[in-house]
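Chains as they are written, first to last, in the working numbering: chain A, 1 to 392; chain B, 1 to 387. Glycine is no exception: its CB is placed at the ideal position from the N, C-alpha and C atoms. Let me begin by presenting the structure, written as structure tokens, before commenting on it.
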Amino acid sequence: MLKQLIAVISMSLQTVPQRLGASSVIVIGIAGVVAVLVSVLAMGAGFQHTLADSGRDDRVIILRGGSDAELNSNLTRTDIDTIGNAPGLAKDADGKALLSSELVTVVNVPKSDTGTDANVTMRGVGLKLAEVRPELKIVSGKMFRPAVRELIAGVGAAKLFRGLTVGSVLRLRNSDWTVTGIFSSNGDVHESELLADVDTVGSSIERTGYSSAVGLLTSAAAFTAFKDSLTSDPQLKVDVVREREYYAKQSAGLTKTINIVGTTVAVIMAIGAMFGALNTMYSAVAARGLEIATLRAIGFGAFPVLFGVMIESLLLSLLGGVIGASLAWLFFNGHTVSTLGAAFAQVVFQLTVTQALIITGIIWACIIGLLGGFFPALRAARLPVAEALRAG
Amino acid sequence: MKYFPLIWATLWRKKTRTLFTLLSIVIAFLLFGMLETVDYAFSHPSTGTSGADKLISTNKYSITLPLPFADLQEIRSVPGVTDATWLTWLGAYYQESKNFVFALPIDTESYFNVHKDEFIVSDEQMKNYRSTRSGALVNVALMKKFGWKVGEKLPVHSTIWTQKSGSLDWTFDIVGTFDVRDSTQANAQAYTVFFHYDLFDEGRSFGKGTVGWVEERIDNPANAGAIAGKIDALFANSPNETKTQPANDFAMTFVKQIGDIGFVLRAILGAVFFTLLFLTGNTMMQSVRERIPELAVLKTLGFTDGKVLALVIAESLLLCLFAAVIGLGLSYATLPIIGQALQGVQLDPVALIPGLGAAVLLALIVGFPPALRAMRLNIVDALSGMH
């Protein structure tokens with residue numbers, strides 16, 4: 001049985017080169033499906049990755065109650081003072097709470113490829129920035145100075161938006177701002193932003209007060225006590241959210257949409273590719289009718305014949321799947337794009353072809369190949385031997 | 001036309017093969033139709049207002065920053081501006097944050113003058129609205145969605161604007177409903193609730209005397225650029241410079257910010273058609289190869305080279321067009337589902353038409369090599385099996 005199987009498989013594979021045109025239909029068809037599937041899902045994975053990486057469990061965001069997003073929120077200086085005294089916040093050497101009072105606004109900056117205005121987040125940050133966000137590193141230039149109109153731009157923003165190089169001047173509302181540095185931040189969402197001193201931003205947009213406060217806790221476990229102390233304060237009406245949850249929530253909608261769209265398109269394409277595979281394998285079986293009948297006549301069983309055709313189809317699909325996934329990886333892995341995020345501002349992210357996506361793509365390829373090979377294989381196994389021999 | 005039965009018969013010479021090829025092409029054009037209509041919808045965004053005679057002025061450096069109310073008189077004095085109205089983004093939802101409601105504070109006179117004849121409101125309900133300070137006019141579709149009734153109170157939660165009491169909740173009295181006259185703009189207005197700007201401005205605890213944006217109606221859309229330039233020039237070098245653009249362009253800036261949707265869709269279609277070329281091309285090649293003796297007989301019977309070429313091309317055209325029409329028809333049937341999945345994007349079937357052109361192109365590309373082969377066939381060699 002095994003011997004027969006090996007013989008049949010090696011025979012069908014040896015004849016593949018003679019049917020190169022037809023065989024390439026399977027390979028190319030499936031490569032197309034897998035390339036599209038993996039590329040589109042890589043977009044969702046990259047977006048999710050960027051927002052999921054934007055949080056730490058021991059960091060919290062405090063917003064005005066009922067605001068939903070930083071952009072809508074408003075906290076007074078008194079609120080910030082109260083929050084700074086809450087238990088659970090980490091302290092610096094001088095005993096000051098590691099809390100950054102922040103002011104978020106959206107500014108128009110043209111995209112470098114199209115030149116059309118895009119909403120970019122400009123985030124005023126407090127003096128404790130470095131301690132609250134230790135992952136933030138200046139990669140070129142230097143940090144902005146407080147009280148002057150200087151800002152630093154995230155690497156993602158610098159890549160996709162115009163005029164964000166060290167030394168360049170950005171015109172914002174009623175004022176000119178100098179870009180003093182470019183920063184990286186672990187690939188998180190802040191790399192899409194512009195950071196500057198919070199009070200300087202406030203005076204520029206004539207706004208007193210803050211959008212939010214971001215604090216570092218002594219530990220992730222300190223969250224509940226911290227939150228309870230703030231929410232039970234009758235003077236304060238705030239929402240306290242773990243940073244990771246705040247950003248994960250922002251990625252949920254778009255990631256889901258991308259995944260649904262990508263999978264739907266790929267399912268439809270896969271059906272088309274399956275018809276292609278059916279065609280190829282039916283014609284392969286037809287072309288080898290005499291050969292298959294001869295095998296059956298000299299005592300080969302129906303099962304090895306059936307199996308031989310399926311294996312051929314499977315191997316061709318596998319090849320297509322590998323080519324498709326490789327193309328997606330080659331062309332799109334690390335490709336930087338941006339979109340309008342849930343926070344009403346651009347989120348820069350990289351398409352990420354993960355290992356899991358490659359495996360998913362190859363599994364899809366194998367399923368298409370097996371479905372496309374099954375019915376032709378059944379026909380091969382049921383071939384009436386005498387007739388086929390006579391026809392040959 | 002008299003050759004149609006011949007072409008039809010040769011097309012179905014190998015039934016399974018033609019059927020599978022046909023189905024593959026159907027699938028490809030189903031995708032083509034779906035993706036093209038979506039692309040078309042995104043490149044022709046619905047603004048919720050009809051006509052090219054509307055301009056929108058926002059803060060030049062950030063749409064989240066307000067403009068001073070005083071700008072309005074100056075804008076109205078610009079020649080060519082028929083009327084101007086002011087609005088602010090409330091950022092509201094009903095009960096849960098997923099129930100977005102586009103509650104829009106409007107100045108009744110100027111808003112319905114700028115958007116003349118765009119909304120249908122009964123005279124009686126309009127009268128009630130004008131005389132009720134806390135009144136609201138709600139889109140009929142939205143009324144139905146949440147089962148609201150005229151006469152009920154409508155509480156919404158603003159994520160931005162606190163009242164003097166510190167509360168973010170705003171309550172209106174539903175005094176009437178409105179419908180949108182231009183059905184192509186209906187989806188863009190599906191979440192709209194109009195209420196009085198006075199109520200909003202007096203009630204809010206901060207930002208008094210500012211407006212979110214200004215909408216203008218102009219007398220001649222051909223002058224849109226010049227009028228927009230004049231409005232922006234009024235406020236140049238002021239703390240609040242403006243950016244004025246046609247309503248369509250304003251909508252486009254948001255669509256463009258989502259990303260290069262067109263590129264993604266075209267890349268997918270590129271992959272689909274590239275694979276389709278191979279599949280259909282292979283089928284056509286095989287089919288001609290198997291029919292060489294038959295083609296030779298045709299030639300012997302006096303069919304010219306040109307005619308044989310035309311026959312094969314016609315066969316390819318028939319296959320591709322037949323499949324494309326089915327595929328595009330299926331995608332037409334899916335449009336309502338896709339529109340719903342995209343939160344009510346209006347899809348225009350006009351975007352399906354280029355699909356027929358694509359089918360012809362595909363047919364010519366895959367039909368030409370085998371047709372050429374058939375044309376060049378030497379009768380003697382072909383009949384003797386020496387091809």
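Residue i versus residue j: straight-line alpha-carbon distance, rounded
{"i": "residue 275 of chain B", "j": "residue 176 of chain B", "result": "55 Å"}
{"i": "residue 355 of chain A", "j": "residue 110 of chain B", "result": "58 Å"}
{"i": "residue 383 of chain B", "j": "residue 12 of chain A", "result": "31 Å"}
{"i": "residue 101 of chain B", "j": "residue 192 of chain B", "result": "6 Å"}
{"i": "residue 19 of chain A", "j": "residue 284 of chain A", "result": "7 Å"}
{"i": "residue 271 of chain A", "j": "residue 370 of chain A", "result": "13 Å"}
{"i": "residue 70 of chain B", "j": "residue 86 of chain A", "result": "43 Å"}
{"i": "residue 346 of chain B", "j": "residue 182 of chain B", "result": "12 Å"}
{"i": "residue 386 of chain A", "j": "residue 17 of chain A", "result": "28 Å"}
{"i": "residue 10 of chain B", "j": "residue 374 of chain A", "result": "28 Å"}
{"i": "residue 175 of chain A", "j": "residue 67 of chain B", "result": "16 Å"}
{"i": "residue 388 of chain A", "j": "residue 304 of chain B", "result": "37 Å"}
{"i": "residue 293 of chain A", "j": "residue 278 of chain A", "result": "20 Å"}
{"i": "residue 179 of chain B", "j": "residue 114 of chain B", "result": "17 Å"}
{"i": "residue 161 of chain B", "j": "residue 106 of chain B", "result": "16 Å"}
{"i": "residue 120 of chain B", "j": "residue 204 of chain A", "result": "43 Å"}
{"i": "residue 288 of chain B", "j": "residue 54 of chain A", "result": "60 Å"}
Local conformation of residue i per DSSP, three classes
{"i": "residue 332 of chain B", "result": "helix"}
{"i": "residue 25 of chain B", "result": "helix"}
{"i": "residue 76 of chain A", "result": "coil"}
{"i": "residue 249 of chain B", "result": "helix"}
{"i": "residue 178 of chain A", "result": "strand"}
{"i": "residue 216 of chain B", "result": "strand"}
{"i": "residue 210 of chain B", "result": "strand"}
{"i": "residue 182 of chain B", "result": "coil"}
{"i": "residue 192 of chain A", "result": "helix"}
{"i": "residue 31 of chain A", "result": "helix"}
{"i": "residue 116 of chain A", "result": "coil"}
{"i": "residue 153 of chain B", "result": "strand"}
{"i": "residue 235 of chain A", "result": "coil"}
{"i": "residue 59 of chain B", "result": "strand"}
{"i": "residue 301 of chain A", "result": "coil"}
{"i": "residue 326 of chain A", "result": "helix"}
{"i": "residue 24 of chain A", "result": "helix"}
{"i": "residue 148 of chain B", "result": "coil"}
{"i": "residue 355 of chain A", "result": "helix"}
{"i": "residue 302 of chain B", "result": "coil"}
Residue i versus the options, residue with shortest Cα-Cα distance
{"i": "residue 7 of chain A", "options": "A:344, A:308 and A:41", "result": "A:308"}
{"i": "residue 237 of chain A", "options": "B:203, B:376, B:119 and B:168", "result": "B:168"}
{"i": "residue 118 of chain A", "options": "B:255, B:140, B:7 and B:26", "result": "B:255"}
{"i": "residue 300 of chain B", "options": "B:378, B:267 and B:242", "result": "B:378"}
{"i": "residue 141 of chain A", "options": "A:179, A:126, A:129 and A:89", "result": "A:179"}
{"i": "residue 91 of chain A", "options": "A:128, A:101, A:145 and A:121", "result": "A:128"}
{"i": "residue 150 of chain A", "options": "A:253, A:133, A:334 and A:122", "result": "A:122"}
{"i": "residue 281 of chain B", "options": "A:28, A:1 and A:330", "result": "A:28"}
{"i": "residue 27 of chain B", "options": "A:169, A:63, A:273 and A:208", "result": "A:273"}
{"i": "residue 268 of chain A", "options": "A:15, A:30, A:1 and A:225", "result": "A:30"}
{"i": "residue 24 of chain A", "options": "A:171, A:348 and A:319", "result": "A:319"}
task = Could you run through the stretch 7 to 26 of chain B and flag, in chain order, every residue whose CB is less than 9 Å away from some CB of chain A?
result = Residues 14, 16, 17, 19, 20, 21, 22, 23, 24, 25 and 26.
ask   = What residues in the stretch 73 to 99 of chain A have a beta carbon less than 7 Å from any beta carbon of chain B?
value = Sequence-ordered contacts of the stretch 73 to 99 of chain A with chain B are nonexistent [C-beta pairs closer than 7 Å].
query = Is it a yes or a no for the stretch 139 to 156 of chain B touching the stretch 93 to 111 of chain B, going by three-plus beta-carbon pairs under 8 Å?
reply = Between the stretch 139 to 156 of chain B and the stretch 93 to 111 of chain B there are three or more C-beta pairs closer than 8 Å, enough to call the two in contact.
message = For the stretch 273 to 293 of chain B, list every residue whose C-beta sits within 8 Å of some C-beta in chain A, in sequence order.
response = Cβ contacts with chain A: 274, 275, 276, 278, 279, 282, 283, 285 and 286.
key: Interfacial residues, the stretch 266 to 277 of chain A to chain B, with Cβ spacing under 8 Å   = If the cut-off is 8 Å between Cβ atoms, the stretch 266 to 277 of chain A has 268, 269, 271, 272, 273, 275 and 276 near chain B.
task = Check distances from the C-beta atoms of the stretch 253 to 273 of chain B to those of chain A and list, in chain order, the residues that come in under 8 Å.
result = Those would be 253, 254, 256, 257, 258, 259, 260, 264, 267, 268, 271 and 272, in chain order.
query = Are at least three pairs of beta-carbons, each pair with one atom in the stretch 185 to 192 of chain A and one in the stretch 185 to 199 of chain B, less than 8 Å apart?
reply = Look at the beta carbons and you see the stretch 185 to 192 of chain A not touching the stretch 185 to 199 of chain B: under three pairs across the two are nearer than 8 Å.
query = Is the stretch 20 to 38 of chain A touching the stretch 213 to 229 of chain A in the sense that three or more CB pairs, one from each, lie closer than 8 Å?
reply = Cβ pair count under 8 Å is below three, so no.
key: Residues of the stretch 53 to 79 of chain B whose Cβ lies closer than 8 Å to any Cβ of chain A, in chain order   = Listed by position, the residues of the stretch 53 to 79 of chain B near chain A (Cβ gap below 8 Å) are 59, 60, 61, 62, 63, 64 and 65.
request  = Could you please tell me which residues of the stretch 45 to 68 of chain A, in chain order, have their CB closer than 9 Å to any CB of chain B?
outcome  = For the stretch 45 to 68 of chain A, which is checked against every Cβ of chain B, the residues closer than 9 Å are 64, 65, 66, 67 and 68.
ask   = Residues in the stretch 143 to 174 of chain B with C-beta within 8 Å of chain A's C-beta atoms, listed in sequence order?
value = So the close ones are 157, 159, 160, 162, 166 and 168.
ask   = Per the contact definition of three or more C-beta pairs closer than 8 Å, is the stretch 332 to 341 of chain B in contact with the stretch 14 to 23 of chain B?
value = Three or more beta-carbon pairs separated by less than 8 Å are not found between the stretch 14 to 23 of chain B and the stretch 332 to 341 of chain B, which leaves the two stretches without contact.
ask   = Taking any Cβ of chain B, which residues in the stretch 339 to 353 of chain A have a Cβ under 8 Å from it, in chain order?
value = Within the stretch 339 to 353 of chain A, 339, 340, 344 and 346 place their CB atoms closer than 8 Å to a CB of chain B, listed in sequence order.
task = Quick one: which residues of the stretch 106 to 139 of chain A get their C-beta closer than 7 Å to a C-beta of chain B? List them in chain order.
result = Closer than 7 Å at the C-beta level to chain B, one finds these residues of the stretch 106 to 139 of chain A: 106, 107, 108, 114, 116, 117, 118 and 119.
ask   = Looking at chain B, which residues of the stretch 26 to 43 of chain A have a Cβ within less than 7 Å of any of its Cβ atoms?
value = Shown in chain order are the members of the stretch 26 to 43 of chain A whose Cβ falls below 7 Å from a Cβ of chain B: 28, 29, 32, 35 and 36.
ask   = Counting Cβ pairs, one atom from each stretch, are 3 or more of them under 8 Å apart for the stretch 309 to 327 of chain B and the stretch 361 to 372 of chain B?
value = The stretch 309 to 327 of chain B, when compared against the stretch 361 to 372 of chain B, does touch it at the 8 Å Cβ threshold.
task = Would you list, in chain order, the members of the stretch 354 to 372 of chain B that have their beta-carbon closer than 7 Å to a beta-carbon of chain A?
result = Those residues of the stretch 354 to 372 of chain B that come within reach of chain A (Cβ to Cβ, closer than 7 Å) do not exist; the list is empty.
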